[in-house]
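Take a look at the structure below.
In the working numbering, the protein residues as written are 33 to 434.
Spelled out as structure tokens, the structure:
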């Protein structure tokens with residue numbers, strides 16, 4: 033792991049739940065530009081597909097997890113309304129996408145351990161492409177409501193997210209010699225994998241490194257291809273005990289480790305002393321819980337709103353030393369068939385869909401079952417690294433052998 037620079041963050045201690053739970057059903061909604069669907073309709077489609085994938089009925093679900101953000105959740109009442117059931121459900125608001133797409137399995141493991149539920153659903157969806165005309169600043173709207181940002185960052189022009197992360201990317205280039213072509217390698221790998229995925233928004237739009245470098249700047253040093261999409265879409269996955277999972281239809285994919293790191297400065301990146309790092313510096317406890325090292329990872333996915341976030345995540349989780357991402361990207365194949373570190377094998381938020389990490393978990397499960405569109409040969413261990421700015425998380429999934 034990278035060495036933390038200063039006392040700017042910390043790891044959240046988590047009980048060891050390695051091997052206790054498995055993901056037994058996964059589902060993606062249709063991912064698209066503006067579709068006219070509501071966020072609830074998108075989530076329900078993903079849930080319906082996850083249930084079918086697991087061979088379960090809605091009545092089998094006795095726990096639900098959703099994001100702790102008003103207007104973006106799919107609640108127990110929504111589940112009952114859309115799926116015509118009436119039974120009580122264990123409910124947790126520590127689920128959904130982003131950082132929680134990685135930590136939800138740990139919360140679920142504790143609930144299953146305590147007998148609160150047997151089959152727990154985690155889901156997240158957005159209809160931001162459809163809602164875009166009513167959103168001021170797109171996803172930046174929620175940031176604009178935060179008082180610190182309103183009164184310090186926004187008046188200085190440091191808003192919204194592309195501006196934040198372009199500044200971070202430029203600083204990374206200044207500190208470590210990172211170059212545009214390094215970020216381009218990440219963007220091209222994402223697009224290449226999306227071209228193999230029929231459900232990806234950018235499925236029919238190839239991209240080469242030369243084409244990337246020829247694109248105009250949007251927010252220096254970012255081109256449009258360095259930035260995530262705005263999409264309608266979502267995903268869902270269902271968890272149960274590993275023992276119970278053996279009796280279901282799918283190969284068992286177990287949760288081997290979970291880690292959570294935090295920044296003391298919260299969402300205020302302008303105040304973080306380690307400006308070119310993420311709280312992933314503190315989230316690598318997932319590897320220890322799973323009993324692995326970064327070298328053991330066959331499939332790498334991470335929350336990737338911008339190429340620089342992927343670059344920093346790779347560094348901060350110890351796949352290469354801090355500041356050496358350029359050399360790493362020059363020497364390490366990123367493709368599913370390249371024998372290096374296959375990244376974002378469905379295309380990520382840059383080229384698959386901007387559904388805030390939930391589809392990354394779905395993709396890792398498909399990879400470990402051996403049924404992905406851009407399949408990594410003999411994949412046994414995959415990770416999803418979640419991120420919100422204030423927090424970063426890691427979910428280690430492992431092909432079960434038993």
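No residue lacks a Cβ here, since even glycine has one placed at the ideal position from N, Cα and C.
The three-state reading of DSSP puts residue 172 in helix, counting H, G and I together. Here residue 309 is actually not in contact with residue 426; their C-beta atoms are around 15 Å apart, not less than 8 Å. Taking every protein chain shown into account, the CB of residue 295 has 16 or more other CB atoms within 10 angstroms, so this residue is buried. Remark: C-beta atoms of residue 265 and residue 233 approach each other more closely than 9 Å.
Residue 333 carries a strand assignment under DSSP once its states are collapsed to helix, strand and coil.
Here the alpha carbon of residue 67 sits roughly 43 Å from the alpha carbon of residue 353. Residues 169, 172, 175, 176, 181 and 185 of the same chain have their beta carbon placed closer than 8 Å to that of residue 191, with the five preceding and five following residues left out of the count. Taking C-beta atoms as the reference points, residue 336 and residue 345 count as a pair closer than 9 Å. For residue 272, there is no enclosing alpha helix (DSSP H); the enclosing beta strand (DSSP E) covers residues 264-273. Here the alpha carbon of residue 183 sits roughly 34 Å from the alpha carbon of residue 136.
Contact annotation: residue 311 and residue 419 have beta-carbon atoms nearer than 9 Å.
The shortest C-alpha to C-alpha distance from residue 65 to any of 261, 147 and 313 is the one to 261. Closest in C-alpha terms to residue 249, from the list 198, 282, 209 and 218, comes 198.
Taken through DSSP and simplified to helix, strand or coil, residue 55 comes out as strand.
Cβ-Cβ separation between residue 286 and residue 51: approximately 5 Å, consistent with a contact (criterion under 8 Å).
Residue 54 is classed as buried because its beta carbon has at least 16 other beta carbons within 10 Å across all chains shown. Looking at the DSSP output, residue 431 bridges to 285. For residue 122, the beta-bridge partners assigned by DSSP are 95.
For residue 419, DSSP records a beta bridge to 424.
Here the alpha carbons of residue 246 and residue 320 stand approximately 42 Å from one another. Unbroken beta strand (DSSP E) stretches of 3 residues or longer found wholly inside the segment 69-115: 95-97, given in chain order.
Inter-residue distance for residue 159 and residue 276 is about 34 Å (C-alpha atoms, whole angstroms). The alpha-carbon of residue 372 is positioned some 6 Å away from that of residue 366. Excluding five sequence positions before and after residue 195, the CB atoms of its chain that fall closer than 8 Å to its own CB belong to 189 and 251, given in chain order. Three or more beta-carbon pairs separated by less than 8 Å are not found between the segment 101-115 and the segment 392-412, which leaves the two stretches without contact.
Assigned with DSSP and collapsed to three states, residue 295 falls in strand.
Between the alpha carbons of residue 298 and residue 92 lies a distance of about 38 Å. Between the segment 84-99 and the segment 269-284 there are three or more inter-stretch CB-CB distances shorter than 8 Å, so the stretches are counted as touching. Residue 291 sits away from residue 313, with the two beta carbons spaced by 9 Å or more. Going by DSSP, residue 188 is part of no beta strand (DSSP E) at all; its letter is neither H nor E. For residue 218, same chain residues with a beta-carbon under 6 Å away, outside a window of 5 residues either side, are 339 and 342 in chain order.
For residue 413, the pairing in a beta bridge is given by DSSP as 430.
Closest option to residue 71, judged by alpha-carbon separation, among 39, 267 and 377: 267. Shown here for residue 281: same chain residues with a beta carbon closer than 6 Å to its own, the five before and five after excluded, namely 87 in chain order.
According to the DSSP assignment, residue 157 belongs to no alpha helix (DSSP H) but to the beta strand (DSSP E) extending over 152-159. Taken atom to atom, the span from the alpha-carbon of residue 237 to that of residue 369 is near 20 Å.
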